[in-house]
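**Q** Residue numbers (the UniProt record's numbering): 1 to 766.
C-beta atoms are modelled at their ideal positions from N, C-alpha and C, and glycine is treated no differently.
Only a predicted model underlies this, so the values are computations on that prediction, with no experimental measurement involved.
Shown below is the structure under consideration.
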Amino acid sequence: MKISALMTSAGINIGICVLLWSLYSVLRKQPAFVRVYFGRRIAEENRLLREAFILERFVPSTGWIVKALQCTEEELLAAAGLDAVAFNRMLVFSIRIFSLAAILCLFGILPVHYFGRKMHRLEISSEQLHMFTVGNVEVQSRWLWVHSIVLYIISGVACFLLYVEYGHIARLRLLHLKRATLNPGQFTVLVRGIPKTANESCSSDVDDFFTKYHASSYLFHQVVYKAGKVQKIMTGAKKACGMSDPSTDTTLDQRCKAVTYPCCLCGASSDSFQLLPTDEVAKNIDKKFWNYLQECAAAFVFFKTRYGALVASEALQTSNPTKWVTDLAPEPDDVYWSNIWLPYKQLWIRRIATVLGSLVFLVLFVVPVAFIQGLSQLDQLQKKLPFLDGLLKKPYMSQIITGYLPSVILLLFLYTVSPIMILFSTMEGPTSHSERKKSACSKVLHFYIWNVFFVSLASGAVINQLNPSSSTKDIAVRLAHVIPEQTTFFITYVLTSGWASLSSELMQLFGLIYNFIIKYVLRMKEDIAFVPTFPYHTEIPKVMLFGLLGFSCSVLAPLILPFLLVYFFLGYVVYRNQLLNVYRMRYDSGGLYWPIVHNTVIFSLVLTQVICFGVFGLKESPVAAGFTIPPIFFILSFHQYCRTRFLPLFKTFPSQDLIDLDREDQRSGRMEHIHHGLRSAYRQFPDNEDIKLEQILTVGNDEDQDEGCSSGERNGEETCKEQEPRRDLCHSTLKGLPVSRLRDSVRSIALLWTAEKRSGDRALIN
Numbered sequence: 001m002k003i004s005a006l007m008t009s010a011g012i013n014i015g016i017c018v019l020l021w022s023l024y025s026v027l028r029k030q031p032a033f034v035r036v037y038f039g040r041r042i043a044e045e046n047r048l049l050r051e052a053f054i055l056e057r058f059v060p061s062t063g064w065i066v067k068a069l070q071c072t073e074e075e076l077l078a079a080a081g082l083d084a085v086a087f088n089r090m091l092v093f094s095i096r097i098f099s100l101a102a103i104l105c106l107f108g109i110l111p112v113h114y115f116g117r118k119m120h121r122l123e124i125s126s127e128q129l130h131m132f133t134v135g136n137v138e139v140q141s142r143w144l145w146v147h148s149i150v151l152y153i154i155s156g157v158a159c160f161l162l163y164v165e166y167g168h169i170a171r172l173r174l175l176h177l178k179r180a181t182l183n184p185g186q187f188t189v190l191v192r193g194i195p196k197t198a199n200e201s202c203s204s205d206v207d208d209f210f211t212k213y214h215a216s217s218y219l220f221h222q223v224v225y226k227a228g229k230v231q232k233i234m235t236g237a238k239k240a241c242g243m244s245d246p247s248t249d250t251t252l253d254q255r256c257k258a259v260t261y262p263c264c265l266c267g268a269s270s271d272s273f274q275l276l277p278t279d280e281v282a283k284n285i286d287k288k289f290w291n292y293l294q295e296c297a298a299a300f301v302f303f304k305t306r307y308g309a310l311v312a313s314e315a316l317q318t319s320n321p322t323k324w325v326t327d328l329a330p331e332p333d334d335v336y337w338s339n340i341w342l343p344y345k346q347l348w349i350r351r352i353a354t355v356l357g358s359l360v361f362l363v364l365f366v367v368p369v370a371f372i373q374g375l376s377q378l379d380q381l382q383k384k385l386p387f388l389d390g391l392l393k394k395p396y397m398s399q400i401i402t403g404y405l406p407s408v409i410l411l412l413f414l415y416t417v418s419p420i421m422i423l424f425s426t427m428e429g430p431t432s433h434s435e436r437k438k439s440a441c442s443k444v445l446h447f448y449i450w451n452v453f454f455v456s457l458a459s460g461a462v463i464n465q466l467n468p469s470s471s472t473k474d475i476a477v478r479l480a481h482v483i484p485e486q487t488t489f490f491i492t493y494v495l496t497s498g499w500a501s502l503s504s505e506l507m508q509l510f511g512l513i514y515n516f517i518i519k520y521v522l523r524m525k526e527d528i529a530f531v532p533t534f535p536y537h538t539e540i541p542k543v544m545l546f547g548l549l550g551f552s553c554s555v556l557a558p559l560i561l562p563f564l565l566v567y568f569f570l571g572y573v574v575y576r577n578q579l580l581n582v583y584r585m586r587y588d589s590g591g592l593y594w595p596i597v598h599n600t601v602i603f604s605l606v607l608t609q610v611i612c613f614g615v616f617g618l619k620e621s622p623v624a625a626g627f628t629i630p631p632i633f634f635i636l637s638f639h640q641y642c643r644t645r646f647l648p649l650f651k652t653f654p655s656q657d658l659i660d661l662d663r664e665d666q667r668s669g670r671m672e673h674i675h676h677g678l679r680s681a682y683r684q685f686p687d688n689e690d691i692k693l694e695q696i697l698t699v700g701n702d703e704d705q706d707e708g709c710s711s712g713e714r715n716g717e718e719t720c721k722e723q724e725p726r727r728d729l730c731h732s733t734l735k736g737l738p739v740s741r742l743r744d745s746v747r748s749i750a751l752l753w754t755a756e757k758r759s760g761d762r763a764l765i766n
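Below, the structure written as structure tokens:
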């Protein structure tokens with residue numbers, strides 16, 4: 001690829017970025033799109049823009065960039081959580097290390113590449129990009145020692161920055177543990193694999209087990225019910241059939257007389273409607289509803305102290321590891337209820353199935369990647385598609401096809417990766433939303449590294465130039481030779497998938513289209529409460545892939561570094577703006593994405609040393625090749641130290657801090673208040689559904705008590721007190737549910753059904 005083709009691709013992407021950024025600065029000021037660009041702030045602060053006409057609203061501005069840069073880390077932590085801070089530190093790390101790499105490589109290595117051979121030179125715009133890579137350096141060149149020194153500096157500084165960032169995130173995680181707002185998950189253990197016994201209910205088994213083996217710390221428990229989509233449909237169908245069964249209808253009050261109502265047409269009277277007593281209707285509905293709920297072999301067990309919950313979660317409960325499996329429960333808003341009721345013994349089968357599915361998808365995606373690489377090689381394209389020869393001879397068409405089109409097609413194909421990987425991660429059976437996204441993040445990252453990096457290299461040259469009899473040594477040599485050649489594709493990929501995708505993220509194109517359809521096509525009211533969460537499972541792999549490209553190409557093809565630096569700077573501004581204004585923090589994993597970032601950077605550094613070892617070997621420079629071996633051992637040793645020093649803090653909580661928090665709460669008298677709040681912390685069903693809970697008695701709703709005594713006021717207070725106590729919905733997790741409205745709705749449905757039944761009976765009689 002020529003420099004002119006690269007400039008064509010860069011010009012197109014720069015034009016798209018300028019257009020979309022300017023359009024965003026105007027649209028964000030319009031009241032019609034305020035919920036698209038300020039979803040988090042509206043949901044949390046209930047603020048709207050004024051509808052008044054202001055000319056400034058239609059003029060592009062850069063004030064939002066200043067606000068995004070002025071935001072401190074404490075403000076970002078309060079608004080978006082520790083995961084957002086870890087993501088932001090990843091961008092800061094990338095900016096720091098690649099700024100250093102750009103200075104060293106552009107001013108130290110790039111001149112060595114360009115003047116590596118004695119040859120006639122053209123204008124810069126007419127030069128091939130190969131002239132700026134290590135491929136232009138002569139064999140046995142004396143200048144390869146510059147590459148070795150720069151490689152040592154980049155590797156050492158990267159490890160130092162990784163250590164600083166790892167320690168910073170670890171300290172923030174400990175502060176996250178000691179935050180002022182209570183986390184019920186620290187007192188709660190999720191128990192799965194509860195074995196079936198002779199007891200009628202799983203609740204009794206849980207209570208007996210933890211009363212016996214954890215008597216000093218056990219508080220109470222909450223059983224989990226089956227809540228899958230199919231189960232919800234079956235439960236709803238059973239409720240509808242059971243509540244409308246006339247053979248079991250005992251809610252009619254035989255003491256009440258029929259009430260007649262005049263007809264609006266003929267004036268005749270009708271006694272089709274019959275008043276029903278509220279107490280008996282509610283009692284009958286409650287009894288029927290409890291029969292439709294089905295317990296599963298899982299429960300939330302609450303403990304008196306954080307340390308008690310930690311001990312119970314880390315200990316092996318029985319000699320059979322598949323029974324009474326305990327883990328610290330996720331935060332209430334982080335619980336993925338649809339997977340908790342899955343049988344624990346099925347999880348290993350699900351994991352194997354998802355791994356096989358991911359591998360199949362990984363292999364099938366090789367076909368479009370190989371096709372895209374064919375577009376980036378003009379000579380190969382002319383040989384395989386000779387009918388395009390006339391079109392490809394036009395300069396501007398060849399520049400667009402080789403410099404812009406391949407990366408655009410690859411970007412469109414990559415849009416299908418994240419939804420498929422999040423589906424695979426859901427099928428694995430994670431118990432929390434953050435665990436599901438974390439698993440999807442690892443899958444997408446592996447997919448990007450394999451298909452975008454390795455398959456692009458292999459399909460770009462190895463497949464076309466190797467025969468079936470090639471040995472493993474030939475493949476390694478070819479990979480080392482082809483990486484500088486494929487840098488042109490990686491640069492265009494950074495421009496398209498980096499710069500242009502950031503502009504698309506800033507514009508929120510899908511949100512704009514959805515908002516337009518809901519508001520102006522369907523004429524529906526917008527849902528203010530619905531605010532999306534940040535897609536860490538798509539953005540972290542994308543940033544890490546660019547980091548891999550930066551490390552592996554920095555010494556071999558340093559021309560990619562300026563484009564990467566621009567991407568990281570733009571991403572720093574865009575992502576901070578989106579986290580502060582657009583996305584809402586519903587749950588927080590506590591920075592668990594950072595170990596993924598750390599491992600990926602270590603892999604990138606080691607892979608860079610291996611690639612440079614092969615390249616220096618091709619240049620017949622044994623000294624330079626030998627200098628790449630010691631950094632590999634140093635990087636792996638550093639990685640092992642970080643795993644020992646920091647990684648345990650991301651797997652569990654330190655007992656010392658938990659005990660200190662428990663003692664502080666006991667001294668201040670907050671522990672009793674915390675225990676009371678645990679009773680309503682985990683709500684499996686939405687507010688319009690009910691759950692059955694036993695052995696926990698609380699005061700019923702005042703509204704229900706007033707309804708129960710309203711009929712007794714005519715006979716005096718003593719009559720009301722002597723009435724038989726009703727079975728109210730008395731658990732604290734039902735606090736705030738619209739029970740009265742539910743009963744009124746059931747009463748209305750019963751009235752309509754009775755009227756329809758009687759009219760049908762009269763028609764048969766007549």
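Closest by CA to residue 779, which one among 576, 213, 408, 17?
**A** Look at the range of the chain in this structure, 1 to 766, and you will see that residue 779 is not part of it.
**Q** In the structure shown, what three-state DSSP assignment does residue 326 receive?
**A** The answer is strand: DSSP assigns residue 326 an E or B state.
**Q** Using DSSP with H/G/I as helix, E/B as strand and the rest coil, what is residue 588?
**A** Three-state result, residue 588: coil.
**Q** One question on the structure: do residue 546 and residue 602 come within less than 9 Å of each other, judged by their Cβ atoms?
**A** It is not a contact, given that the beta carbons lie outside the stated cut-off.
**Q** In the structure shown, what three-state DSSP assignment does residue 189 receive?
**A** Residue 189: strand per DSSP, three-state reduction.
**Q** DSSP on residue 130, reduced to helix/strand/coil?
**A** Residue 130: helix per DSSP, three-state reduction.
**Q** Can you tell which of 333, 202, 634 has its C-alpha closest to the C-alpha of residue 435?
**A** The candidate whose alpha carbon is nearest that of residue 435 is 333.
**Q** Alpha carbon to alpha carbon, how far is residue 597 from residue 90? Give it in angstroms, no decimals.
**A** Whole-angstrom Cα-Cα distance: 7 Å.
**Q** Count the other CB atoms, across all protein chains shown, that sit within 10 Å of the CB of residue 320; report buried if there are 16 or more and exposed otherwise.
**A** Counting Cβ neighbours within 10 Å, residue 320 comes out exposed, since fewer than 16 surround it.
**Q** Sorted by chain position, which residues of the same chain lie with C-beta nearer than 7 Å to residue 562's C-beta, five sequence neighbours on each side aside?
**A** The answer, listed in chain order, is 102.
**Q** Among the residues of its own chain, which have a CB less than 8 Å from the CB of residue 161, if the five just before and after it don't count?
**A** If we look at residue 161 and ignore the five residues flanking it on each side, its Cβ neighbours are 93, 96, 97.
**Q** From the DSSP output, in three-state form, read off residue 845 for me.
**A** This structure gives no information on residue 845, because the portion of the chain shown stretches from 1 to 766.
**Q** Secondary structure at residue 221, three-state DSSP: helix, strand or coil?
**A** Three-state result, residue 221: strand.
**Q** If we count Cβ pairs, one from each stretch, closer than 8 Å, do we get three or more for the region 551 to 571 versus the region 605 to 615?
**A** These segments touch.
**Q** According to DSSP, residue 335 sits in a beta bridge with which residue or residues?
**A** Residue 335 is bridged to 432.
**Q** Taking the alpha helix (DSSP H) that residue 612 falls in, what are its first and last residues?
**A** Taken as a continuous stretch (DSSP letters only), the alpha helix (DSSP H) holding residue 612 covers 594 to 618.
**Q** Which residues bound the beta strand (DSSP E) around residue 642?
**A** Premise fails: residue 642 lies in the alpha helix (DSSP H), 629 to 645, not in any beta strand (DSSP E).
**Q** Could you check the C-alpha separation between residue 299 and residue 223 for me, to the nearest Å?
**A** Roughly 4 Å between the two C-alpha positions.
**Q** When the distance is taken between beta carbons, is residue 306 closer than 9 Å to residue 186?
**A** Yes. Within cutoff.
**Q** Specify, as a first and last residue, the run of the beta strand (DSSP E) that residue 303 falls within.
**A** From DSSP, the beta strand (DSSP E) with residue 303 extends over 295 to 303.
**Q** Is it right to say residue 138 is buried, meaning 16 or more other beta carbons lie within 10 angstroms of its own, or is it exposed?
**A** Burial call: exposed.
**Q** So, at 6 Å on beta carbons, what are the nonlocal neighbours of residue 69 in its own chain, with the 5 sequence-adjacent residues on each side left out?
**A** If we look at residue 69 and ignore the five residues flanking it on each side, it has no Cβ neighbours.
**Q** I'd like the span of the alpha helix (DSSP H) that includes residue 550, first residue to last.
**A** Where residue 550 is concerned, the enclosing alpha helix (DSSP H) stretches over 536 to 554.
**Q** Could you give the DSSP three-state label for residue 524: helix, strand or coil?
**A** If DSSP states are grouped into helix, strand and coil, residue 524 belongs with coil.
**Q** Given a threshold of 16 other Cβ atoms within 10 Å of its Cβ, counted over all protein chains shown, does residue 513 qualify as buried or as exposed?
**A** That one is exposed.
**Q** Would you check if the region 351 to 359 and the region 203 to 222 touch, i.e. whether three or more CB-CB distances between them fall below 8 Å?
**A** Flag = no, the region 203 to 222 and the region 351 to 359 do not touch.
**Q** Where does residue 143 sit, in a helix, a strand or coil, going by DSSP?
**A** Coil, per DSSP.
**Q** Expressed to the nearest angstrom, what Euclidean distance is found between the alpha-carbon atoms of residue 499 and residue 579?
**A** Roughly 18 Å separates the two Cα atoms.
**Q** Going by C-alpha distance, which of 301, 297, 363 is nearest residue 681?
**A** If we check each option's Cα against that of residue 681, 301 comes out closest.
**Q** Between the region 169 to 180 and the region 651 to 668, can you find at least three pairs of beta-carbon atoms closer than 8 Å?
**A** Touching, yes, given that three or more Cβ pairs across the two stretches are closer than 8 Å.
**Q** Going by other Cβ atoms of all chains shown within 10 Å of its Cβ, with 16 needed for buried, is residue 214 buried or exposed?
**A** With 16 or more other Cβ atoms within 10 Å, it is buried.
**Q** Roughly how far, in whole angstroms, is the beta-carbon of residue 417 from the beta-carbon of residue 455, given that I think they are within contact range, below 8 Å?
**A** Between residue 455 and residue 417 the Cβ distance is about 13 Å, and since that is not below 8 Å, they are no contact.
**Q** Which word fits residue 645, buried or exposed, when buried means at least 16 other C-beta atoms lie within 10 angstroms of its C-beta?
**A** By the neighbour-count rule (16 or more Cβ atoms within 10 Å), residue 645 is not buried but exposed.
**Q** Are the region 519 to 539 and the region 80 to 89 touching by the rule of at least three beta carbon pairs closer than 8 Å?
**A** Yes: at least three Cβ pairs fall under 8 Å.
**Q** Answer with buried or exposed for residue 620, where buried requires no fewer than 16 other C-beta atoms within 10 angstroms of its C-beta.
**A** Exposed, because fewer than 16 other Cβ atoms sit within 10 Å of the Cβ of residue 620.
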